[in-house]
Structures are given as structure tokens and as C-alpha cells.
Amino acid sequence: MRYHFAFDLDGTITTKEILPILARELGMYREMEELTKKTMAGEIPFDQSFTKRVQMLKKIPVSKVQKIILDIPLNKHVVAFIKENRNRCHIVTQNLDVWIEPLLMRIGAPYLASTADVSGDRLKGIKKILRKKIIHSVVDYPIVAIGEGFNDLEMIVDAPLSIAFGEIHKPAPAILDAVDYAVYDAQQLCLLLNRLL
Ligand SMILES: [Mg+2]
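Our numbering puts the first residue of the sequence shown at 9, with every later residue one more than the last.
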């Protein structure tokens with residue numbers, strides 16, 4: 009049985025949550041960080057919180073958002089694993105496609121993301137928020153799901169094998185209850201992933 013691997017983006021591949029970093033542009037880092045933390049813990053429904061956070065951030069031109077996101081530090085071990093196994097790795101994120109595309113192009117693995125309405129360099133709004141469990145119908149292989157936020161739960165519960173990755177953030181309690189493994193170090197995570205190849 010050959011597994012494919014589905015990685016969350018924020019806090020799994022990136023070493024920081026993306027939306028609070030964008031909010032810094034508007035002087036709203038703390039407010040956004042608080043909202044993001046509560047959402048990751050499952051205390052606020054994701055769709056409601058994401059819609060609100062996108063509303064706050066849509067003042068920033070799309071090209072500027074893309075540039076800021078390209079500068080966000082990445083977990084080099086996780087990125088190296090993905091690059092070495094591109095044909096079996098997928099990035100599954102509810103972040104907006106138009107914001108993260110340049111970063112995902114750089115990593116070079118296929119991805120699923122939420123979609124946005126854009127006019128020129130302006131974000132008009134969210135077109136569709138991705139349901140992470142869709143990865144299991146898009147890919148014809150059993151999936152190893154890797155994530156940490158409450159919004160990863162739906163891809164984790166349907167996965168034959170799942171891993172909470174807690175190096176950046178403490179995984180949400182519901183995630184820890186649902187996963188097969190919890191790993192708190194990127195090198196350990198990659199050792200485990202390499203054994204599952
Ligand atoms: Mg995450």
C-alpha cells in the first residue's frame with residue numbers, strides 16, 4: 009500500500025500563522041493572532057472566523073500579500089520531504105489560493121485551497137472555502153494526514169493514518185484525541201514519514 013501525504017500549510021509547513029503576519033500591515037497583529045488562536049483551538053467556527061479575518065485583510069493589495077507570504081519562514085525539514093516526494097505529497101489549506109499560489113509554486117507540490125474573487129490587484133471576497141476532507145476523494149491513494157489545527161480534524165478523521173505535528177503550535181485537543189501519532193519535532197516527523205514511504 010503506497011500512501012500519499014496531505015499536509016496542512018499554516019503552522020505545519022510555515023513556521024508562523026500566515027493571517028496574523030498579514031495583519032501586521034494594518035497594525036492589527038494582536039487582534040488577528042487572538043482570533044487565529046481561538047479558531048485553531050476550535051473555540052470559534054472556522055468559516056465564520058475565516059470570513060471575518062479575510063474581510064479585515066482584503067484592504068491589502070493581492071500582490072503585496074503574495075510578497076509578504078513568500079517571506080514567511082518555512083519548516084525546512086518538512087519542505088525538503090515534500091520536494092523529495094512531490095508526486096505523493098499534497099498541500100491542503102483553507103487559505104486563499106490567490107494569496108498563497110506563489111509560495112505553493114515555489115514548494116512545487118499539488119495543492120487544494122479555498123478560492124477567492126479578485127478584481128485586478130484587489131481581493132473582493134471568498135468564493136469557496138475548501139473542505140479539507142475532499143482530499144480523500146481527490147486522491148486515489150490512502151492518505152497520511154498531517155496537521156495541528158481544529159480545521160484539520162475532518163481530513164484527519166477520514167485518513168487511515170494521521171499525525172499531529174506540534175513543533176510550532178500545541179495541536180488542538182480534538183486533533184490529539186483523533187490522531188495515530190503526535191510528533192513535536194520536524195526531524196522526527198520526517199523520520200516517521202520516510203518510514204511510511
Ligand atoms: Mg495549521
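We treat Cβ as the ideally placed atom computed from N, Cα and C, and that holds for glycine.
Considering only the beta carbon of each residue, do LEU112 and LEU65 sit closer than 8 Å? no
Would you check if the distance between the CB atom of GLU175 and the CB atom of TYR189 is smaller than 8 Å? no
Can you tell me which of the three DSSP states ARG32 falls into? helix
Touching by the beta-carbon criterion (3+ pairs, under 8 Å), the region 91-110 and the region 33-50: no
Under 6 Å, CB to any heavy atom of ligand 1. Which residues pass, going along the chain? ASP16, ASP18, GLY19, THR20, GLY155, GLU156, GLY157
For ARG139 versus GLU156, is the C-beta spacing smaller than 8 Å? no
What does DSSP give as the partner residues of HIS144 in its beta bridges? Note: HIS144 sits in no beta bridge, so no partner.
Cβ of ASP26 within 8 Å of Cβ of ASP16? It is worth fixing the name first, because residue 26 is Ile in this sequence and not Asp. No, the pair does not count as a contact, with Cβ atoms beyond the cut-off.
List the whole-angstrom C-beta distance separating ILE52 from HIS98, where the pair is believed to meet the contact cut-off of C-beta under 8 Å. Wrong, their Cβ atoms sit about 26 Å apart, outside the cutoff.
Determine the extent of the beta strand (DSSP E) in which ILE99 is found, giving its start and end residues. 97-104
In three-state terms, what does DSSP make of ILE134? strand
Which residue from ASP166, SER145, VAL146 puts its Cα closest to that of ALA153? ASP166
Can you give the Cα-Cα distance for ASN83 and ASN93, rounded to whole angstroms? 16 Å
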